[in-house]
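According to the working numbering, the residues represented by the sequence shown are 3 to 254, in order. Note that beta-carbon positions come from the ideal geometry of N, C-alpha and C, so glycine has one too. Keep in mind the model is a prediction, meaning the values are calculated, not measured.
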Amino acid sequence: MIALLLTLLLATDIGYALKCRTNCSLGPYYFGQTFNIPDGECQQQKSGYACSIDMTFNYHDLSYYVEFDTLMLSTDSFYIRSGPYLSYSINYQCSKGTDCIISYAQNKINEMIGRNYNAQTIYELIASIIENPLRNGSIQCYNMRKEIVICSSDELCALDYNLQENKFISRGCSQYNEPRVHIYDGRYHTSFDVECNHNLCNTDETISQIKTVLANYGLTDTNGRRVADGNKQMVSSLLMKLTLIFIVFYSF
């Protein structure tokens, strides 16, 4: 009896394959333009445990793109660099039905457009922290042992910081071609990635200063994180199923 109940319970996720739209990219749409799937588009379908959607919002030119697939990943991420350039991406998955991503997308698109981030203002504040327009030649940077090293004229100081564990993943020189900030927030991994081009800029203080700017403009919370909605949903669903399994097991 227990085996039968557990099988029925788990089958709702394991045995159920959704028909998901896949290999379909749409856009650009422009802010103020209603999202819709044009007739005849996104007809290809694939069976999957969960359907997913990737939405990218470009606040520097007020446009967004949408892509459908069956990727097993829910994340938030964004880039800020000169231009100005501010791009925010949301990968979302759900397993409640093929159209659950459509209703989510419609609500999330309206929310993200409503945030109306000012790419110029935000980058100007970030640039004062990470960019030295007068740089000429090599610069000094910290490595993982907090030793000062020399980075060549075609390199930047770089850091990659784990926001969950509050520790550096890497720190030193980078050959990325311009100063930037990249934040990635996923279910199992988060990172705060910075490239900067003035002396000894890959520090805890730089992280703290950038966090303040991002939090003040609503891009992250005060800890530098923006937890992906898909993560919350999938975790909640898993906890519910484990709880039901526990109840069933101890009822016999």
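Quick one: what's residue i bridged to in DSSP?
i, result
"Tyr51", "The partner list for Tyr51 (beta bridge, DSSP) is empty, contrary to what the question assumes."
"Leu163", "Position check: residue 163 holds Tyr in this sequence, whereas Leu was assumed. Tyr163 is bridged to Phe170, Phe194."
"Glu69", "Ser27, Asp56"
"Arg83", "Tyr87, Arg182"
"Asn93", "Asp56, Thr77"
"Tyr106", "Answer is none; Tyr106 lacks a bridge partner."
"Ala151", "Residue identity check: residue 151 is Val in the sequence provided, not Ala. Bridge partners of Val151: Cys143."
Ordered along the chain, which non-local residues of its own chain (more than five positions away) have a Cβ less than 6 Å from that of residue i?
i, result
"Met57", "Val68, Ile92"
"Ala121", "Tyr61, His62, Pro86, Leu88"
"Tyr219", "Ile124"
"Ser155", "Gly139, Ser140"
"Asp195", "Asp162, His184"
Can you find the residues in the same chain that come closer than 8 Å, C-beta to C-beta, to residue i, ignoring five residues on each side of it along the sequence?
i, result
"Asn98", "The sequence given here has Lys at residue 98, not Asn. So no residue of the chain qualifies."
"Phe170", "Met146, Leu161, Asp162, Tyr163, Asn164"
Here's the rule: buried if 16 or more other CB atoms are within 10 angstroms of the residue's CB, otherwise exposed. What is residue i?
i, result
"Tyr32", "exposed"
"Arg117", "exposed"
"Gly226", "buried"
"Ala19", "exposed"
"Tyr163", "buried"
"Gln108", "exposed"
"Asn233", "Legend: pLDDT at Asn233 = 47, less than 50; position of this residue unreliable, value from coordinates given subsequently. Buried is the call here."
"Glu133", "buried"
"Glu149", "exposed"
"Gly174", "buried"
"Glu197", "buried"
"Thr255", "Past the boundaries of the shown model lies residue 255; the chain is included only from 3 to 254, so the question cannot be answered."
"Ser54", "buried"
"Gln95", "buried"
"Thr261", "The chain is shown from 3 up to 254; residue 261 falls before or after that span and cannot be answered."
Examine chain C for any beta-carbon lying closer than 7 Å to the beta-carbon of residue i, and answer yes or no.
i, result
"Leu73", "Included in the structure is just one protein chain, with no chain C present."
State the Cα-Cα distance for the pair residue i and residue j, rounded to the nearest angstrom.
i, j, result
"Lys213", "Asn168", "13 Å"
"Cys26", "Phe70", "5 Å"
"Ile103", "Pro135", "43 Å"
"Tyr190", "Ile152", "34 Å"
"Arg147", "Ser193", "19 Å"
"Tyr66", "Arg23", "19 Å"
"Thr224", "Asp41", "43 Å"
"Glu180", "Asp187", "22 Å"
"Glu1", "Leu28", "Here the chain comprises residues numbered 3 to 254, so residue 1 is not present and cannot be evaluated."
"Pro30", "Tyr51", "28 Å"
"Tyr90", "Leu64", "11 Å"
Once the 5 residues before and after residue i are set aside, which same chain residues still bring their CB inside 7 Å of it?
i, result
"Ile82", "Leu88, Ile124, Tyr125, Ile128, Arg182, Val183"
"Glu157", "Cys175, Ser176, Gln177"
contact_flag[the stretch 32 to 50, the stretch 77 to 86] where n(CB pairs < 8 Å) is 3 or more
no
At a cut of 8 Å, does the stretch 135 to 150 reach the stretch 186 to 203 through at least three beta carbon pairs?
yes
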